[in-house]
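With the numbering used here applied, the sequence shown has no gaps in its numbers, which climb one by one up to 419 at the end.
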Amino acid sequence: MLQDQNTDLLLERLDKARLRSLDWLHAMAEPAIAPGVLRFSEAHDTALWPGMLLPGTYNGLHCRALLGDLETMPTEDRRAAVDWLESHRQPDGVFRIPGMEDHSVYKKPDREETWRYIDFHVTNYALGAVEMLDPDRRPELAFVAPMLEQSYFDDWFDRRDWSDPWQEGNNVVNLASFLLLLERTGAETDRPRARSILGRLVDRLEETQDPGTGFWWDGNGRDGLGLLHAMAGAMHSFHLWYALGRPLPHQPAAVDYTLSLEPSDVMGACLDVDAVDLLFHAERATGYRSADIRQWSVDKLQALLDAQRPDGGFADVAEGTLRPDGWVRGYAEPQGCSNTFATWFRWIAIAMIAELLWPGWRSWRFRRMIGIGYCRQTFP
Numbered sequence: 040m041l042q043d044q045n046t047d048l049l050l051e052r053l054d055k056a057r058l059r060s061l062d063w064l065h066a067m068a069e070p071a072i073a074p075g076v077l078r079f080s081e082a083h084d085t086a087l088w089p090g091m092l093l094p095g096t097y098n099g100l101h102c103r104a105l106l107g108d109l110e111t112m113p114t115e116d117r118r119a120a121v122d123w124l125e126s127h128r129q130p131d132g133v134f135r136i137p138g139m140e141d142h143s144v145y146k147k148p149d150r151e152e153t154w155r156y157i158d159f160h161v162t163n164y165a166l167g168a169v170e171m172l173d174p175d176r177r178p179e180l181a182f183v184a185p186m187l188e189q190s191y192f193d194d195w196f197d198r199r200d201w202s203d204p205w206q207e208g209n210n211v212v213n214l215a216s217f218l219l220l221l222e223r224t225g226a227e228t229d230r231p232r233a234r235s236i237l238g239r240l241v242d243r244l245e246e247t248q249d250p251g252t253g254f255w256w257d258g259n260g261r262d263g264l265g266l267l268h269a270m271a272g273a274m275h276s277f278h279l280w281y282a283l284g285r286p287l288p289h290q291p292a293a294v295d296y297t298l299s300l301e302p303s304d305v306m307g308a309c310l311d312v313d314a315v316d317l318l319f320h321a322e323r324a325t326g327y328r329s330a331d332i333r334q335w336s337v338d339k340l341q342a343l344l345d346a347q348r349p350d351g352g353f354a355d356v357a358e359g360t361l362r363p364d365g366w367v368r369g370y371a372e373p374q375g376c377s378n379t380f381a382t383w384f385r386w387i388a389i390a391m392i393a394e395l396l397w398p399g400w401r402s403w404r405f406r407r408m409i410g411i412g413y414c415r416q417t418f419p
């Protein structure tokens with residue numbers, strides 16, 4: 040662990056920021072509904088938008104766990120929180136935000152693609168929160184069954200739209216997360232089938248990966264948002280290689296691009312955590328450009344701490360309107376305010392940087408399931 044006066048001051052600042060965020064998270068609590076339930080933000084009117092308690096809660100619980108604030112939660116409160124989370128679960132295992140309806144959601148013209156994207160996204164995070172509270176709880180994964188048929192999976196993969204690499208990276212990591220969970224917890228007959236599809240997913244991704252960048256995309260916007268979004272989407276897919284312990288092809292190219300991003304710029308909460316995650320895992324797995332990654336990370340850490348809001352939370356971006364992914368005619372609130380999603384994502388980035396620079400300084404509790412919040416800290 041590095042130790043000097045500047046480091047001591049930075050770690051002191053980091054710990055104060057952590058306590059301030061925990062105070063803000065506790066201020067979002069709705070204990071009258073159930074233990075662990077949180078509003079999404081100060082702007083969240085729970086009477087008008089009760090469904091937003093689900094993302095408010097799974098984001099907030101993940102953040103509390105990461106910051107070491109769930110260890111003392113009583114067993115009966117954990118059970119009640121799990122029961123409340125699972126009250127949002129459909130019979131096939133999908134978790135859905137109440138209030139989301141056919142007429143108010145959109146990701147693709149294909150309605151099935153829209154709902155699969157949203158359902159997979161919400162379910163991955165909700166299941167992650169359940170696992171944080173009860174690691175031994177067995178999930179319901181019946182909704183994954185069609186993907187265990189190779190012909191169905193191949194058709195799904197062939198329909199990926201790499202002109203939208205960020206969205207497709209979410210599709211890949213969410214599916215892979217469920218397959219990994221099924222391989223670990225599913226019926227004996229399903230486990231080998233899940234393992235086979237996981238292998239096929241990796242093989243097909245490696246066949247279509249761009250060697251020049253390490254990303255998946257259609258080549259549009261090489262010098263602008265297209266490449267930035269390709270980085271974000273690829274980072275999500277990279278988790279599959281980390282979880283399986285397989286060498287990631289073209290990782291140096293991905294690092295080179297990400298290090299070209301200005302670390303002092305505070306981007307959206309998603310983009311910042313994607314960049315930090317990509318560099319953290321690359322440094323741990325390969326050591327490539329380690330000194331550059333560490334300096335970039337120090338600069339990014341300073342910028343992220345500077346972005347903490349006076350109330351102790353974090354915002355996504357400074358201006359505009361924040362809408363849940365895919366809920367285009369549903370809940371909305373002004374950007375620039377603290378919310379549980381941005382606060383958790385900012386702290387994932389901060390925690391990864393802290394673990395990279397000062398390993399063991401604090402016992403961060405990252406997610407076991409792949410997706411945002413997952414962290415593999417050691418590699419073969």
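Each residue gets a CB set at the ideal place from its N, CA and C atoms; glycine is no exception.
Remember, predicted model here, so these are calculated numbers, not experimental data.
Only residues of its own chain outside the window of five on either side were considered, and among them S143 have a CB closer than 6 Å to the CB of R368, listed in chain order. Ranked by Cα distance from P302, the first of D141, A314, L264, N210 is A314. The alpha-carbon of A233 is positioned some 6 Å away from that of L187. Going by beta carbons, P204 and W256 fall inside the 7 Å limit. Comparing C-alpha distances from G238 to each of A82, S377, L219 shows the shortest one belongs to L219.
Rounded to whole angstroms, Y156 and P288 show a C-alpha spacing of 26 Å.
Residue pairing by DSSP places A68 opposite L77 in a beta bridge. Taking the C-beta atoms as reference points, S80 is found no nearer than 7 Å to C309. When rounded, the separation of the alpha-carbon atoms in A293 and D229 is 34 Å. Taking 7 Å as the cut-off, the beta carbon of E372 is found closer than this to the beta carbon of A82. Taking S60 as the centre and dropping the five residues before and after it, the same chain places the C-beta of C102, L106, Q347, G351, G352, F353, T382, W386 closer than 8 Å to its C-beta, in chain order. If you ignore the 5 residues before and after A282, its C-beta comes within less than 8 Å of the C-beta of A215, L219, I409, Y413, R415, all in its own chain and listed in chain order. Sequence-distant Cβ neighbours of Y97 in its own chain, meaning closer than 6 Å and more than five residues away, are Y164, A165, A168. The three-state secondary structure of R198, taken from DSSP, is coil. Between Y296 and P419, the alpha-carbon positions lie close to 25 Å from each other. Contact between the stretch 391-411 and the stretch 119-130 is absent: fewer than three C-beta pairs spanning the two stretches fall below 8 Å. Residues of the same chain with a CB within less than 8 Å of the CB of D108, apart from the 5 flanking positions on each side, are L61, L64 in chain order.
Under the DSSP assignment, D313 falls in the alpha helix (DSSP H) whose first and last residues are 308-325. Three or more Cβ pairs closer than 8 Å define a contact, and the stretch 189-208 falls short of that threshold against the stretch 129-139. Excluding five sequence positions before and after L100, the CB atoms of its chain that fall closer than 8 Å to its own CB belong to G75, L77, L109, A120, A168, M171, L172, given in chain order. The C-beta separation of F196 from R128 comes to about 27 Å, leaving the pair out of contact by the 8 Å criterion. Note: N378 is bridge-paired with S80 in the DSSP secondary-structure output.
Non-local beta-carbon contacts of L93 in its own chain, meaning distances under 6 Å to residues more than five positions away in sequence, involve H127, I136 in chain order. When rounded, the separation of the alpha-carbon atoms in P363 and T379 is 12 Å.
For D345 and A56, the gap between their C-alpha atoms comes out near 10 Å.
Annotated as proximal: V212 and H275, with beta-carbon spacing under 7 Å.
In the three-state reduction of the DSSP assignment, P419 falls in the coil class, being assigned neither a helical nor a strand state. Of all alpha-carbon atoms in V312, R401, Y370, the one lying nearest the alpha-carbon of G95 is that of Y370. In the displayed model, E152 falls within a helix according to three-state DSSP. Scanning the stretch 337-418 from its first residue to its last, the whole alpha helix (DSSP H) runs of 4-plus residues come out as 379-396. The alpha helix (DSSP H) runs of length 4 or more contained entirely in the stretch 204-282 are, from start to end of the chain, 204-224, 230-247.
The three-state secondary structure of R103, taken from DSSP, is helix. Scanning T247, W280, L300, G251 for the CA closest to the CA of G263 turns up L300. Under the DSSP assignment, Q290 falls in the alpha helix (DSSP H) whose first and last residues are 290-298.
The beta carbons of L340 and I389 sit about 6 Å from each other, so the pair counts as a contact at 8 Å. Contact annotation, N209 with H160: C-beta distance approximately 6 Å; criterion of less than 8 Å satisfied.
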